[in-house]
Amino acid sequence: MPEKGANIVISLVHNYFLLYEHGEKYLTIHANNCPDQNKNNLIMAYLAWQVIIGYHDRIKYSFMIAGHTKFSPDSFFGLFKLALVKLEVDDLDDLVKVVKNLSTNKYNLAQTIFDKKENQVYKEQVEIKDINSSSEIIPLSGLTALRQWNLYNEV
Numbered sequence: 009m010p011e012k013g014a015n016i017v018i019s020l021v022h023n024y025f026l027l028y029e030h031g032e033k034y035l036t037i038h039a040n041n042c043p044d045q046n047k048n049n050l051i052m053a054y055l056a057w058q059v060i061i062g063y064h065d066r067i068k069y070s071f072m073i074a075g076h077t078k079f080s081p082d083s084f085f086g087l088f089k090l091a092l093v094k095l096e097v098d099d100l101d102d103l104v105k106v107v108k109n110l111s112t113n114k115y116n117l118a119q120t121i122f123d124k125k126e127n128q129v130y131k132e133q134v135e136i137k138d139i140n141s142s143s144e145i146i147p148l149s150g151l152t153a154l155r156q157w158n159l160y161n162e163v
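Read left to right, the sequence shown gives residues 9 to 163 (the numbering used here).
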C-alpha cells in the first residue's frame, strides 16, 4: 500500500475534480481530522491553488468535531485492509475486483486513470492562468538570512 499522506489525498481529490466537476464555483469539503492526510499545509495550498487559478471561487474545508473520530468511509477501508490480507492481489485488475466484491451496495467504485495500454486518460486539457500576474511578490527586506530561515522552518 502507498503511504497515506497529503500527496495521495491531493492526487485523489484532483482526479475527482477532473472526472466529476460540473462547473461548480463554490465547494464544501468535509474531511476527518487526520493531520498527515487532511490537516496540513499541502492540502491547504492545493485548495488555495484551485481558487487562484480560477477553477473555483471559494472552497470551504471543514473537519469533524474533536472526539468524533468515526467517518462513514472508514468502515470500508477496514474491510478493504482485511480483504487484502486474505486475498491474492497481483495487479490492478485484481484490486478493482476486490473493491467491486466488497461493495455490494455500489457505494464504493474502483476508478483507474490508466487504460490497459497504461496511457493516462485525461478528461480535457485546460489552460492554466498565469499565476504570476495575480499577485505581487513582497520582498522580505530587513530580515537577516538566519531570521528568514527560522521563519521558513516555523511557518
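Glycine included, every Cβ here is placed at the ideal spot set by N, Cα and C.
Residues bridged to residue i (per DSSP)
i	result
Ser-70	His-38
Distance between beta carbons of residue j and residue i, contact taken as under 8 Å
i	j	result
Ile-67	Leu-35	5 Å
Val-97	Val-106	6 Å
Ala-74	Asn-41	7 Å
Ala-118	Leu-103	7 Å
Of the listed residues the options, nearest to residue i (C-alpha basis)
i	options	result
Tyr-54	Val-17, Phe-88, His-30 and Phe-84	Val-17
Thr-120	Gly-62, Ser-149, Leu-87 and Leu-20	Leu-20
Ala-14	Lys-89, Asn-46 and Met-72	Asn-46
Ile-37	Met-72, Phe-88 and Asp-138	Met-72
Phe-85	Thr-112, Asn-116 and Gln-58	Asn-116
Asp-44	Tyr-160, Glu-135, Lys-12 and Asn-161	Lys-12
Gly-62	Trp-157, Asp-138 and Leu-159	Asp-138
Tyr-69	Leu-87, Leu-95, Asn-113 and Ala-39	Ala-39
Three-state secondary structure assigned by DSSP to residue i
i	result
Ile-61	coil
Val-106	helix
Ala-153	helix
Ala-56	helix
Glu-162	helix
Lys-89	helix
Asn-46	coil
Tyr-28	helix
Asp-101	helix
Leu-95	coil
Asp-138	coil
Asn-116	coil
Local Cβ density within 10 Å of residue i, reported as buried at 16 or more and exposed below that
i	result
Ala-56	exposed
Ile-51	buried
Met-9	Residue placement at Met-9 cannot be trusted, given a pLDDT of 47 that sits under 50; what the coordinates show is reported in the next sentence. Looking at its Cβ environment, which holds fewer than 16 other Cβ atoms inside 10 Å, Met-9 is exposed.
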